[in-house]
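Okay, structure first, notes after.
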Amino acid sequence: MSEASSARYMQGVALGLAATLSWALYNVGTAIGRADGFSSADLAMLRYGVAALVLLPFLVPRLAVARAIGWRRLLLLTAMIGPPFALFINAGYGIAPLSHAVVISPGVTMLVANALAILVDRRRMPLNRRIGMALLVAGLIAIAVDQPDIRPHSDLPIWLGDLCFVASGTLWGVFTWLVGRWHLPPVETTGAISILSALAFLPVHLFGFGVTPMPAALWLEQAVYQGILGGALAIVAFAGAVVRLGTGTAALFPALLPPAAILVGVVIADSVPSLMALSGIALATCGLAVSLDFRRRVRSRAGDSRARTTDGA
266 MSEASSARYM QGVALGLAAT LSWALYNVGT AIGRADGFSS ADLAMLRYGV AALVLLPFLV
326 PRLAVARAIG WRRLLLLTAM IGPPFALFIN AGYGIAPLSH AVVISPGVTM LVANALAILV
386 DRRRMPLNRR IGMALLVAGL IAIAVDQPDI RPHSDLPIWL GDLCFVASGT LWGVFTWLVG
446 RWHLPPVETT GAISILSALA FLPVHLFGFG VTPMPAALWL EQAVYQGILG GALAIVAFAG
506 AVVRLGTGTA ALFPALLPPA AILVGVVIAD SVPSLMALSG IALATCGLAV SLDFRRRVRS
566 RAGDSRARTT DGA
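Quick note on numbering: the sequence shown equals residues 266 to 578 in the working numbering.
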């Protein structure tokens with residue numbers, strides 16, 4: 266691997282980790298918002314509306330780039346991670362236990378994105394990624410086992426909530442694959458999707474759900490969690506990771522969200538993870554390291570450095 270491609274790869278890893286951290290903070294913020302009394306519709310409105318406002322100044326000078334993506338592609342991507350995604354994921358949280366969400370949604374995302382890359386693009390999945398994905402799934406299961414198996418107050422069957430998580434994971438997996446397949450610019454793509462999502466969802470929220478009366482300080486706090494972290498920064502970083510790493514490798518990072526959320530909870534809420542949760546975090550971390558094949562890349566860079574030293578001598 267050349268020095269330039271190695272640097273690009275490490276940039277992709279850094280962006281993937283930044284996206285994971287942003288998602289973890291966003292999830293913690295969502296839990297805080299629901300506890301404060303915000304509805305799912307309120308939070309979805311902030312996610313799309315604030316992200317659109319944040320990204321608009323970056324999008325306006327690049328309108329030509331955004332237009333080059335094409336309306337059909339933008340509408341399809343908006344259908345993947347816009348209001349339909351929010352509808353499925355929030356519906357699932359209202360029906361099935363959290364322990365199901367921890368495994369199903371990120372696991373399906375990882376599997377769908379890799380399956381499409383293999384079946385449609387004819388990409389080969391290396392052995393280290395297969396082993397890494399197995400370790401990641403094992404880590405997710407360990408974390409899920411540690412979650413209290415308490416279901417929300419709902420008369421609907423749990424399997425219906427599980428199907429919602431399958432649907433949300435599938436949508437995100439297809440989005441991951443399309444961004445990698447089309448090599449889309451991260452900022453312009455995310456900005457256009459946010460604006461289209463806000464335009465589609467805002468009237469529905471205002472006239473269909475109504476705005477929950479809450480103090481301005483809480484609205485501002487959720488604007489940071491939902492719009493800046495979840496709606497803008499996380500998706501821009503993730504799209505950048507997809508472009509640099511490829512679909513299959515980038516699809517691993519959403520599976521790191523549950524372990525990252527536990528670690529964020531330690532810092533923000535002073536929570537103490539159990540031994541089972543720590544085991545899940547360790548398994549997931551090992552799974553990512555194996556998938557990214559860090560040992561081979563370190564040896565490769567060391568070999569390149571020695572070669573340059575020899576040439577210089």
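Glycine included, each C-beta is placed from N, C-alpha and C at the ideal position.
Buried/exposed call for A572, threshold 16 Cβ in 10 Å: Mapped onto the sequence shown, residue 572 falls at position 307. In this prediction, A572 has a pLDDT of 44, which is less than 50 and means its spatial position is unreliable; what the coordinates show is noted afterwards. Burial state of A572 is exposed, judged by a 10 Å Cβ sphere holding fewer than 16 other Cβ atoms.
| said: If I measure Cβ to Cβ from S544 and keep anything under 6 Å in the same chain, skipping five residues before and after, which residues do I get? | reply: By one-based count along the sequence shown, residue 544 stands at place 279. Take S544, set aside five residues on each side of it, and the residues of its chain with a beta-carbon closer than 6 Å to its own are A407, in chain order.
- Spatial neighbours of E486 in its chain, beta-carbon cut-off 7 Å, leaving aside the 5 residues before and after: Against the sequence shown, residue 486 aligns to sequence position 221. Excluding sequence neighbours, E486 sits near nothing in its chain.
field: Residue from T455, N355, L540, L443 whose Cα sits closest to the Cα of L494
entry: Position 229 of the sequence shown, counted from the start, is the residue given in the question as residue 494. The shortest C-alpha to C-alpha distance from L494 to any of T455, N355, L540, L443 is the one to T455.
- prompt: When you compare only the Cα positions, how much space is there between A526 and V537?
  reply: Counted from its first residue, the sequence shown places residue 526 at position 261. Counted from its first residue, the sequence shown places residue 537 at position 272. Those two C-alpha atoms are separated by around 12 Å.
* Asked: Using a Cβ-Cβ cut-off of 7 Å (strictly less than) and excluding sequence neighbours within five positions of A542, which residues of its own chain qualify?
  -> Reading the sequence shown from its first residue, position 277 is the one you call residue 542. The residues are I408, D411, I527.
*Beta carbon of T285 nearer than 9 Å to that of A378*: Sequence index remark: in the sequence shown, residue 285 carries index 20 (1-based). Sequence index remark: in the sequence shown, residue 378 carries index 113 (1-based). In this structure, A378 does not lie closer than 9 Å to T285 by Cβ.
Per DSSP, what kind of secondary structure is S536 in: helix, strand or coil? Counting from one through the sequence shown, the residue named residue 536 turns up at place 271. S536: coil per DSSP, three-state reduction.
| Using the rule of at least 16 other Cβ atoms within 10 Å of the residue's Cβ for burial, across every protein chain shown, is G335 buried or exposed? | Residue numbering aside, residue 335 sits at position 70 when the sequence shown is read from its first letter. Under this definition G335 is an exposed residue.
Can you look up V476 in the DSSP assignment and give me helix, strand or coil?
In the sequence shown, counting from the first residue as 1, residue 476 sits at position 211. Looking at V476 - three-state DSSP - the assignment turns out to be coil, as it is neither helix nor strand.
- Task: Just mark S270 as buried or exposed, buried being the case when its beta carbon has 16 or more other beta carbons within 10 Å.
- Result: One-based indexing of the sequence shown puts residue 270 at position 5. The residue is exposed, with fewer than 16 neighbouring Cβ atoms inside 10 Å.
Checklist entry - Would you call T574 buried or exposed, if buried means 16 or more other Cβ atoms sit within 10 Å of its Cβ? => result Looking up residue 574 in the sequence shown gives position 309. Because T574 sits at a pLDDT of 43, beneath the cut-off of 50, its placement in the model cannot be relied upon, and the point is left open.
(message) Suppose you measure from the CA of R389 to the CA of G314; what does that come to, to the nearest Å?
(response) Along the sequence shown, one-based indexing puts residue 389 at 124. Along the sequence shown, one-based indexing puts residue 314 at 49. Between the C-alpha atoms of R389 and G314 there is a straight-line separation of about 39 Å.
message: At the level of alpha carbons, what is the spacing between I346 and W437?
response: For the purposes of this step, residue 346 is taken as residue 81 along the sequence shown, with counting starting at 1. For the purposes of this step, residue 437 is taken as residue 172 along the sequence shown, with counting starting at 1. Taking the straight line from one Cα to the other gives about 6 Å.
| query | Could you give the distance in angstroms between the alpha-carbon of T374 and the alpha-carbon of V325? | reply | Start at 1 with the first residue of the sequence shown, and residue 374 comes out as number 109. Start at 1 with the first residue of the sequence shown, and residue 325 comes out as number 60. The alpha-carbon atoms of T374 and V325 are separated by roughly 31 Å.
| Mapping DSSP to helix, strand and coil, what is D386? | The sequence position of residue 386 within the sequence shown is 121, counting from 1. Reduced to three states, the DSSP call for D386 is coil.
In chain order, what residues of the same chain lie with their CB nearer than 6 Å to the CB of L443, ignoring the 5 residues before and after it?
Taking the sequence shown and counting its residues from 1, the one referred to as residue 443 is at position 178. Same-chain partners within the cutoff: there are none.
Give the secondary structure of F303 by DSSP, where H, G and I count as helix, E and B as strand, and everything else as coil.
Taking the first residue of the sequence shown as 1, we reach residue 303 at position 38. Here F303 sits in coil by DSSP.
ask   = Excluding the five sequence neighbours on either side, which residues of its own chain have a C-beta within less than 6 Å of the C-beta of T356, listed in chain order?
value = Residue numbering aside, residue 356 sits at position 91 when the sequence shown is read from its first letter. Checking the sequence, you will find Ala at residue 356 rather than Thr. Annotation for A356: C429 place their beta carbon closer than 6 Å to its own, counting only its chain and skipping 5 residues before and after.
Mark A567 as exposed unless 16 or more other C-beta atoms lie within 10 angstroms of its C-beta, in which case mark it buried.
Position 302 of the sequence shown, counted from the first residue, corresponds to residue 567. Because A567 sits at a pLDDT of 49, beneath the cut-off of 50, its placement in the model cannot be relied upon, and the point is left open.
| said: For a quick check, are the C-beta atoms of L401 and L318 less than 9 Å apart? | reply: One-based indexing of the sequence shown puts residue 401 at position 136. One-based indexing of the sequence shown puts residue 318 at position 53. In this structure, L318 does not lie closer than 9 Å to L401 by Cβ.
Notebook entry, point to check: CB V469 to CB F323, shorter than 9 Å?
Noted result: Translated into positions along the sequence shown, residue 469 becomes position 204. Translated into positions along the sequence shown, residue 323 becomes position 58. No, Cβ-Cβ distance for V469 and F323 is not below 9 Å.
**Item:** Closest residue to V368 among G530, A403, I383 (Cα-Cα distance)
**Value:** Counting from 1 along the sequence shown, the entry for residue 368 is found at position 103. If we check each option's Cα against that of V368, A403 comes out closest.
Spatial neighbours of S462 within its chain, please: CB distance less than 7 Å, with the 5 preceding and 5 following residues excluded, ordered by chain position.
To locate residue 462, count along the sequence shown from 1; it is residue 197. Non-local C-beta neighbours of S462 in its own chain, meaning closer than 7 Å and more than five positions away in sequence, comprise Y313, T343, G347, P348, ordered along the chain.
Checking 9 Å against the spacing of the C-beta atoms, do R509 and L282 come in under that value?
Locating residue 509 in the sequence shown gives position 244, where the first residue counts as 1. Locating residue 282 in the sequence shown gives position 17, where the first residue counts as 1. Not closer than 9 Å, so no.
(request) Can you have a look at Y471 and say buried or exposed, based on whether 16 or more other CB atoms are within 10 angstroms of its CB? (result) Within the sequence shown, numbered from 1, the residue matching residue 471 stands at position 206. Contrary to the premise, residue 471 reads as Leu rather than Tyr in this sequence. Looking at its Cβ environment, which holds fewer than 16 other Cβ atoms inside 10 Å, L471 is exposed.
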